[in-house]
Amino acid sequence: MHQSIAHGIAKVYPESHHGICIYHLEQNLKRRKVKSEVIKLFQSAARVYMRKEFDLYMSDIAKVDKKTFDFLMEEPPERMMDFIQVKLQRWFYERRNEAEGTFSDVSCWVEEELKKKIDLAFTLNVFPVNSWRSRVEEEVITFLVDLNKRTCDCFQFQFDELPCIHAIAAIEKRNIKKSNFCSDWYLKESWLKTYERQIHPVGHTDSWIVPESVKSQIIKPPDFKVPPDYYLDFQKFRTFQKNMS
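For the sequence shown, my numbering begins at 10 and goes up steadily by one.
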């Protein structure tokens with residue numbers, strides 16, 4: 010992997026795990042002047058479906074070239090899954106607790122977004138048309154707000170599914186709860202439901218009790234047809250990559 014990409018990912022996504030594809034890892038091996046025998050063993054190990062077969066190929070690599078084996082095992086396959094599991098477990102726990110400790114009808118983020126708009130909304134002039142519709146004036150521009158249809162001429166109300174400043178002005182004029190005009194997805198109830206499940210640790214693989222019926226299964230990748238122009242695009246990419254290096 011190009012170092013500039015690695016540094017960029019580390020800076021923008023400091024907690025992310027970045028793996029490496031088979032192709033680039035193989036190129037790294039070739040640049041390290043690894044024996045062709047080891048390259049073939051690596052190719053086989055990278056494409057098997059069962060962990061037992063993978064371990065056998067890696068064992069063969071260790072016998073032929075221990076230094077290359079250590080290089081390949083710097084990032085074992087389990088580490089990425091462990092990272093994802095720990096991250097999701099923490100996210101679900103923290104966000105579930107945050108949702109349970111919220112006393113408003115909407116999520117904390119929505120509550121903050123509505124608060125940001127309230128001061129500006131109070132500066133607008135509201136002229137009710139009927140029970141639901143209002144004409145709202147912002148400086149020299151007039152906006153028609155329909156609370157029943159949840160629409161506004163500024164389009165923010167219907168696109169974001171949150172009251173815009175014009176809708177908030179119309180809502181406050183009628184002394185109605187703003188949360189009544191937010192999408193159901195923004196409600197505390199939906200927030201709680203999103204994180205109601207718990208992410209449990211699975212423990213070390215040595216402690217797993219896996220039925221033989223499961224061990225014997227071979228999970229294959231889904232069928233996929235390569236687009237006709239795939240190889241042409243790939244060649245263009247490789248040419249571009251060479252020119253940039």
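Each residue gets a CB set at the ideal place from its N, CA and C atoms; glycine is no exception. Since the model is a prediction, treat every value here as computed from it, not as a measurement.
- request: State the start and end residues of the unbroken beta strand (DSSP E) segment that holds Glu147.
  value: Within the sequence shown, the letter at position 138 stands for residue 147. Note, Glu147: beta strand (DSSP E), Arg142 to Glu147.
query: Counting pairs of Cβ atoms below 8 Å between the segment 70 to 81 and the segment 40 to 52, do you hit three or more?
result: yes
message: Output needed for Phe5: all residues of its chain with C-beta closer than 8 Å, excluding positions within five of it in sequence on either side, in chain order.
response: The question about residue 5 has no answer, for the chain in this structure spans 10 to 254.
field: Terminal residues of the beta strand (DSSP E) in which Ile150 lies
entry: One-based indexing of the sequence shown puts residue 150 at position 141. It spans Ile150 to Asp155 - the beta strand (DSSP E) in which Ile150 sits, taken as one unbroken run.
query: Are the beta-carbon atoms of Ile174 and Leu133 separated by less than 8 Å?
result: By 1-based counting over the sequence shown, the position of residue 174 is 165. By 1-based counting over the sequence shown, the position of residue 133 is 124. Yes; because the gap between Cβ atoms is below 8 Å, this pair is in contact.
- prompt: Which value, in whole angstroms, describes the spacing of the CA atoms of Asn157 and Phe190?
  reply: Looking up residue 157 in the sequence shown gives position 148. Looking up residue 190 in the sequence shown gives position 181. Rounded to whole angstroms, Asn157 to Phe190 spans 9 Å at the Cα level.
- prompt: Does the distance from the CB of Lys197 to the CB of Ser116 come in under 8 Å?
  reply: Position 188 of the sequence shown, counted from the first residue, corresponds to residue 197. Position 107 of the sequence shown, counted from the first residue, corresponds to residue 116. Yes.
- prompt: How many angstroms separate the CA atom of Ser254 from the CA atom of Phe63?
  reply: Locating residue 254 in the sequence shown gives position 245, where the first residue counts as 1. Locating residue 63 in the sequence shown gives position 54, where the first residue counts as 1. Only weak support exists for where Ser254 lies, its pLDDT of 48 falling under 50; the coordinates are left without a value.
- prompt: Assuming Glu120 contacts Ser113 under a Cβ cut-off of 8 Å, what Cβ separation, rounded to an integer in Å, is found between them?
  reply: By one-based count along the sequence shown, residue 120 stands at place 111. By one-based count along the sequence shown, residue 113 stands at place 104. Confirmed, Cβ separation roughly 5 Å.
message: For a test of the three-state rule: what should DSSP assign to Thr160, helix, strand or coil?
response: Locating residue 160 in the sequence shown gives position 151, counting from the first residue. Strand at Thr160.
query: Which residues in the same chain as Phe243 place their Cβ atom closer than 8 Å to its Cβ, once the five residues preceding and following it in sequence are excluded?
result: Along the sequence shown, read from residue 1 onward, the residue named residue 243 stands at position 234. Since pLDDT at Phe243 reaches only 49, below the 50 mark, its modelled position is unreliable, and no value is offered.
query: Between the C-alpha atoms of Ala179 and Glu205, what's the straight-line distance to the nearest angstrom?
result: For the purposes of this step, residue 179 is identified with residue 170 of the sequence shown, where counting begins at 1. For the purposes of this step, residue 205 is identified with residue 196 of the sequence shown, where counting begins at 1. One C-alpha to the other measures close to 35 Å.
query: Going by Cα to Cα distance, which pick from Trp194, Ala71 and Glu83 is closest to Asp169?
result: Position 160 of the sequence shown, counted from the first residue, corresponds to residue 169. It is Trp194 whose Cα lies nearest to the Cα of Asp169.
Identity of the residue in Ile70, Leu38 and Arg60 nearest Leu50 by Cα: In the sequence shown, the residue the question calls residue 50 occupies position 41. Considering only alpha carbons, the answer is Ile70.
message: Strictly by DSSP, which residues pair up with Leu196?
response: Counting from 1 along the sequence shown, the entry for residue 196 is found at position 187. According to DSSP, Leu196 bridges with Val115.
query: Does the Cβ-Cβ distance between Gln36 and Pro210 come in under 8 Å?
result: On the sequence shown, residue 36 is found 27 positions in, with the first residue counted as 1. On the sequence shown, residue 210 is found 201 positions in, with the first residue counted as 1. The answer is no: Cβ separation not under 8 Å.
query: Whose C-beta lies closer than 6 Å to the C-beta of Gln165 among residues of the same chain, with five residues either side of it excluded?
result: One-based indexing of the sequence shown puts residue 165 at position 156. Here the set comprises Cys173.
- prompt: Taking Gln207 as the reference, which of Ala55, Glu83 and Arg105 has the closest Cα?
  reply: In the sequence shown, counting from the first residue as 1, residue 207 sits at position 198. For Gln207, the nearest C-alpha among the options comes from Arg105.
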